[in-house]
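Each step along the sequence shown adds one to the number in UniProt numbering, with nothing skipped, and position 25 is 25. Remarks on the structure that follows.
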Amino acid sequence: MCSYVCVCMAVKFVIYYFFMLWPIAPIDILEEYKKRCSASTH
Numbered sequence: 001m002c003s004y005v006c007v008c009m010a011v012k013f014v015i016y017y018f019f020m021l022w023p024i025a026p027i028d029i030l031e032e033y034k035k036r037c038s039a040s041t042h
């Protein structure tokens with residue numbers, strides 16, 4: 001069974017892939033997701 005961490009990693013991977021395809025997207029979004037991930041995991 002996939003835990004929240006797995007979903008978090010999947011989301012981060014999608015965001016990273018989307019960021020590579022769309023360089024216009026700000027890095028702040030990726031950072032925010034990272035912060036949410038860390039806050040949720042801890």
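Each residue gets a CB set at the ideal place from its N, CA and C atoms; glycine is no exception.
Cβ-heavy atom distance, V7 to the ligand NAP, below 8 Å
The model depicted lacks the ligand NAP and carries no ligand whatsoever.
In chain order, what residues of the same chain have a beta carbon less than 8 Å from the beta carbon of Y16, not counting five sequence neighbours either side?
L30
Would you identify the three-state DSSP class for S3, choosing helix, strand or coil?
coil
Cutoff 7 Å; reference Y33; Cβ partners in own chain excluding five residues on either side
V11, K12, I15
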